[in-house]
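See structure below.
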Amino acid sequence: MTNASSGPGVSRRQALTRIGALGAGATAVAATRTRGFAQPKAPITLSFWTFDNPQQRPWLHKRVNQYMEKNPNVKVDFQWFTFADLGKKVSVGYATGTAPDGFVTGDWLMPTWLARNLIAPLDVKLLGYPALDAFRKDHADAFVAGAIKDGQAYGYPLWFYGFCNYLNTKQFKEVGLDPVKDQPRTWTELGEVAKRLTIKQGNKFTRQGFKFAMHAAQWTMIQLNPIVSQVGGQWFDASGKCTINNEAGVKAMTIRASIARQYGAEDPADSIATFPLPQMDWLKERCSMFSCHPIPPVAIKSQNPVMESEGYFLPVQMAGVTADKRYTTCYGFNFVVNARAPKDKQEALHDMYRFIMSDLVDCWQATAPFTLARKTGWTDDPRVKSFPHVGEIIKAKDNGVFFPRTPIWTELADAMHRAVQKVMLNNADIKAALDEAAAEVDRATAEFKKA
Amino acid sequence: MAFVMPTILFFLVFKYGPMLWAMGLSFTTYDMMKPPRWVGLENYESILRDPIFREALANTLVYIAGSTIFITLVGLGLALAINTRGPGRRACMSAMFLTNIMPILAVCLVWRFLFHPHGLLNQFLGPLGFGRLDWLTDSALAMPAIILVTVWRFAPYFMVVFLAGLLTIPPEYYEAAEIDGANAVRRFRYLTLPLLMPVTFFVVVVAALLSARIFLMPFIITGGGPGNATRVLSMLIYETGFSYMKMGRAAAISVVLFAIVMVLTLAQMRLFMRSEEEYS
Chain A
-7 MTNASSGPGV SRRQALTRIG ALGAGATAVA ATRTRGFAQP KAPITLSFWT
43 FDNPQQRPWL HKRVNQYMEK NPNVKVDFQW FTFADLGKKV SVGYATGTAP
93 DGFVTGDWLM PTWLARNLIA PLDVKLLGYP ALDAFRKDHA DAFVAGAIKD
143 GQAYGYPLWF YGFCNYLNTK QFKEVGLDPV KDQPRTWTEL GEVAKRLTIK
193 QGNKFTRQGF KFAMHAAQWT MIQLNPIVSQ VGGQWFDASG KCTINNEAGV
243 KAMTIRASIA RQYGAEDPAD SIATFPLPQM DWLKERCSMF SCHPIPPVAI
293 KSQNPVMESE GYFLPVQMAG VTADKRYTTC YGFNFVVNAR APKDKQEALH
343 DMYRFIMSDL VDCWQATAPF TLARKTGWTD DPRVKSFPHV GEIIKAKDNG
393 VFFPRTPIWT ELADAMHRAV QKVMLNNADI KAALDEAAAE VDRATAEFKK
443 A
Chain B
81 MAFVMPTILF FLVFKYGPML WAMGLSFTTY DMMKPPRWVG LENYESILRD
131 PIFREALANT LVYIAGSTIF ITLVGLGLAL AINTRGPGRR ACMSAMFLTN
181 IMPILAVCLV WRFLFHPHGL LNQFLGPLGF GRLDWLTDSA LAMPAIILVT
231 VWRFAPYFMV VFLAGLLTIP PEYYEAAEID GANAVRRFRY LTLPLLMPVT
281 FFVVVVAALL SARIFLMPFI ITGGGPGNAT RVLSMLIYET GFSYMKMGRA
331 AAISVVLFAI VMVLTLAQMR LFMRSEEEYS
């Protein structure tokens, strides 16, 4: 017996199989679409926090608003805080039960959240990846290393960028240096070049050749960390003991101090730069070189329109970064989900994060030259390729060395900041200052383990 | 009783309750994420072994002593100077009092610029023979700089308190002393000072309490640096609690600070009561 509706030559089994296959296909397509940017069934309100920044925060806000337009059932309470305050606000939020459902966090704080089980594992399938391996391969290893624990992803990398040495090419030319040929590639070269660029009147620096930031612990770590790596140093040994006071640590701090002590090209006490613009001395042409994250042209324009319009700046790789020593500071930001958020909110956040990251070129255009964590999907776009100095900026990202991943990050940064201040401002003995810092860090480690 | 009950309840809930809670917390380890866990006196033992705590404690005591002494002396000096019948007295007083009503953040930022190595203060001191003074980055100068800002801000407030005290002294006393041949110094030593003793006591106690709680000035102006030179206990409490998430330990430091303030206040009370008895 044949089934009339099946048509001639097609058995009922075949017809059912085809219908089944069609049904499965349609379901799969629907599921994929649904998984794309699905709407929760019931109205839902998500709280989402991020840090403030003139480019990044407005772009995130725009994407969140676009997500809400596409998903009328979802309302996002979008809040932002200063870069330095966000981590503290989130901590207090967890303590008081008011932590957001999702937030952006610096990757250096991942161990803090992970050690306390405060962030939820991410379902990479909901982020559009078939498996964890695909998620891992879509980012540089170093970026996801801090976001993956016990075979599960906890952070969805967003922006990751490396530090460049920003040169004032006009000042280079003034002292007879070619910014391209004479760009310093080693710390000795940097000291020598900085010395030539320095202008002093009595005890007053009219212009500093190079400047390390002195205003915040985070920046102390940003600028010291690559030097420690370059000289073969480690922050901790295998047992977790702080080793910054060993020979390599002393060498790194000696290099750090040499620009002021040996070359006389920097005045650590003289700066107009403060948070949130540590690059202000460079922008105002009071120092010729500064190690910095990618600086958006709009930021240069706002402080020094002539420099921006005439383009007399050049980001190059930091001193010490060579083919075999690919160490420049690199850090980034992850989207994370609060482990205490209800499951439906966690799923909706996955969907929102996936939506936000679905237009990388738009992100680049709004936030350039802050580089994205993803390997592909943006670097080949002509709008990215045509950005001034983009090759150097991406190279700095790819040459990145990360902060030590430790749950006592803040204590480590504060201890090192104090050590740098003692060495640079009070002329303290380097070994003694590092011994004190290491002892502080070891105490903090012991207390953390005990607690 | 019914009338004062709301006030008593308010203080119990919002003042003494949290104080007792903090004291209890000081015997626990608490990272704000997991429930507090009892550790007995461990936090106290740990902070006493901590060199940063000891430095912060020493800084706090130096700051309290320095600010209290100079606030009292400058406040009294200003009050005596302004307690005249000269023209512009009220205008002078108002101008000086402005320092007290300016937002603290603005005060700190302005002073940061003044203290810059090439700032206004050094430009003023330069012609007087002073070399470059690194006010905020030299560990020997940073604490005096913070004390200077404190005195600049608070001395005019206490000037008003002293002035109120001076106005309560009957002028007949001074007339009688003058007839007896007492010069200005003796009149000040044997009349003004003893009769101002209750006011001075008030000023010293309040200035010391105010100084013990100082936070924003070192936090904004120096960030506790250079090194630990201006890190005071209240800053350490904040850092320990909110940066390092060690609430139990932060509570232990705050109990120590509370004890210091109590001891200081009681010592001053005894000292001044004895002085008053001697004068009366």
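Sequence order for the protein chains is A and B. According to this note's numbering, the residues represented by the first sequence are -7 to 443, in order. According to this note's numbering, the residues represented by the second sequence are 81 to 360, in order. Glycine included, each C-beta is placed from N, C-alpha and C at the ideal position.
Below 8 Å on the Cβ atoms is my contact criterion, and I expect residue i with residue j to pass it. Report the Cβ-Cβ distance as a whole number of Å.
i	j	result
Q348 of chain B	A288 of chain B	7 Å
A171 of chain B	F242 of chain B	About 19 Å; that fails the 8 Å criterion.
G307 of chain B	R253 of chain A	With a Cβ gap of about 17 Å, G307 of chain B and R253 of chain A do not count as contacting.
G306 of chain A	T161 of chain A	The residue you asked about is not Gly; residue 306 of chain A is Leu in the sequence shown. Yes, L306 of chain A and T161 of chain A are in contact; Cβ-Cβ is about 5 Å, under 8 Å.
A331 of chain A	A134 of chain A	Actually they do not touch by this definition, with Cβ atoms about 25 Å apart.
N326 of chain A	T97 of chain A	6 Å
F73 of chain A	F43 of chain A	6 Å
I227 of chain B	F150 of chain B	6 Å
Let me know if residue i comes out buried or exposed under the rule of 16 or more other beta-carbons within 10 Å of its beta-carbon.
i	result
S221 of chain A	buried
L92 of chain B	exposed
W118 of chain B	exposed
R435 of chain A	buried
W403 of chain A	The amino acid at residue 403 of chain A is misidentified as Trp; the sequence shows Glu. By the neighbour-count rule (16 or more Cβ atoms within 10 Å), E403 of chain A is buried.
K203 of chain A	buried
T140 of chain B	buried
Y158 of chain A	buried
T198 of chain A	exposed
N57 of chain A	exposed
L178 of chain B	exposed
L14 of chain A	Confidence is the limiting factor: at L14 of chain A the pLDDT is only 44, short of 50, which leaves the residue's position unreliable, though a coordinate-based value still follows. Label assigned to L14 of chain A: exposed.
T217 of chain B	buried
L346 of chain B	exposed
A220 of chain B	exposed
A123 of chain A	exposed
G321 of chain B	buried
Within the same chain, show all residues whose beta-carbon is closer than 8 Å to that of residue i, passing over the 5 residues directly before and after it, in chain order.
i	result
H342 of chain A	L114, D115, L118, L119 and V329
I249 of chain B	L271, T272, L275 and L276
N180 of chain B	R233, F234, P236 and Y237
I132 of chain B	N308, R311 and L316
For residue i, which residues from the same chain have a beta carbon less than 6 Å from its beta carbon, with the 5 sequence-adjacent residues on both sides left out?
i	result
T321 of chain A	F155, I214, N217 and P218
F352 of chain B	F281
Y304 of chain A	T161 and K162
K423 of chain A	V242
L194 of chain B	L200 and L201
E432 of chain A	A407
T359 of chain A	Q47, Q48 and W51
A463 of chain A	Residue 463 of chain A is absent from the model: chain A starts at -7 and stops at 443.
In the DSSP output, what is residue i paired with across the bridge?
i	result
T37 of chain A	A:K67
Y323 of chain A	A:Y153
N180 of chain B	Its beta-bridge partners do not exist; DSSP assigns none.
V308 of chain A	A:N157
T109 of chain B	B:R117
S283 of chain A	A:N157
A145 of chain A	A:I140
Q200 of chain A	A:C279
I191 of chain A	A:R199
H131 of chain A	A:R366
N501 of chain A	Outside the modelled stretch of chain A, which goes from -7 to 443, sits residue 501 of chain A, for which no answer is possible.
T266 of chain A	A:L269
G97 of chain B	According to DSSP, G97 of chain B bridges with nothing at all.
C234 of chain A	A:F228
T212 of chain A	None; T212 of chain A has no bridge partner.
CB-CB under 7 Å to residue i, same chain, minus the five flanking residues each way: which ones, in chain order?
i	result
V313 of chain A	Y319, T320 and N391
Y86 of chain A	L110
M245 of chain A	V415, I422 and L426
P289 of chain A	E300
I287 of chain A	Y158 and Q271
The ligand MN and residue i: does the residue's C-beta get closer than 6 Å to at least one heavy atom of that ligand?
i	result
L404 of chain A	The ligand MN is not among the ligands present in this structure, which contains no ligands whatsoever.
* Asked: Listed in chain order, which residues of the segment 270 to 297 of chain B have Cβ atoms closer than 9 Å to some Cβ of chain A?
  -> Only those residues of the segment 270 to 297 of chain B whose C-beta falls short of 9 Å from the nearest C-beta of chain A would be listed, and there are none.
* Within 9 Å of chain A by C-beta, residues of the segment 120 to 149 of chain B in sequence order -> When CB distances to chain A are screened at a threshold of 9 Å, the residues of the segment 120 to 149 of chain B falling below it are E122, S126, R129, D130, P131 and I132, in chain order.
* To do: Quick one: which residues of the segment 316 to 327 of chain B get their C-beta closer than 9 Å to a C-beta of chain A? List them in chain order.
  => Residues E319, F322, S323, Y324, M325, K326 and M327.
* To do: Return the residues of the segment 174 to 199 of chain B that lie within a Cβ-Cβ distance of less than 7 Å from chain A, sorted by chain order.
  => Those residues of the segment 174 to 199 of chain B that come within reach of chain A (Cβ to Cβ, closer than 7 Å) are P197 and H198.
* Asked: What are the residues of the segment 410 to 433 of chain A that lie near chain B, defined by any Cβ-Cβ distance shorter than 9 Å?
  -> From the segment 410 to 433 of chain A, only R410, A411, Q413, K414, M416, L417, N418, A420, A425, E428, A431 and E432 have a Cβ closer than 9 Å to chain B.
* Listed in chain order, which residues of the segment 75 to 86 of chain A have Cβ atoms closer than 9 Å to some Cβ of chain B? -> Residues of the segment 75 to 86 of chain A with a Cβ closer than 9 Å to any Cβ of chain B, in chain order: G79, K80, S83, V84 and Y86.
* Looking at chain B, which residues of the segment 180 to 211 of chain A have a Cβ within less than 7 Å of any of its Cβ atoms? -> Closer than 7 Å at the C-beta level to chain B, one finds these residues of the segment 180 to 211 of chain A: N195 and K196.
* Give the residues from the segment 230 to 252 of chain A that approach chain B closer than 7 Å (Cβ to any Cβ), ordered along the chain. => Per Cβ criterion, the list is empty.
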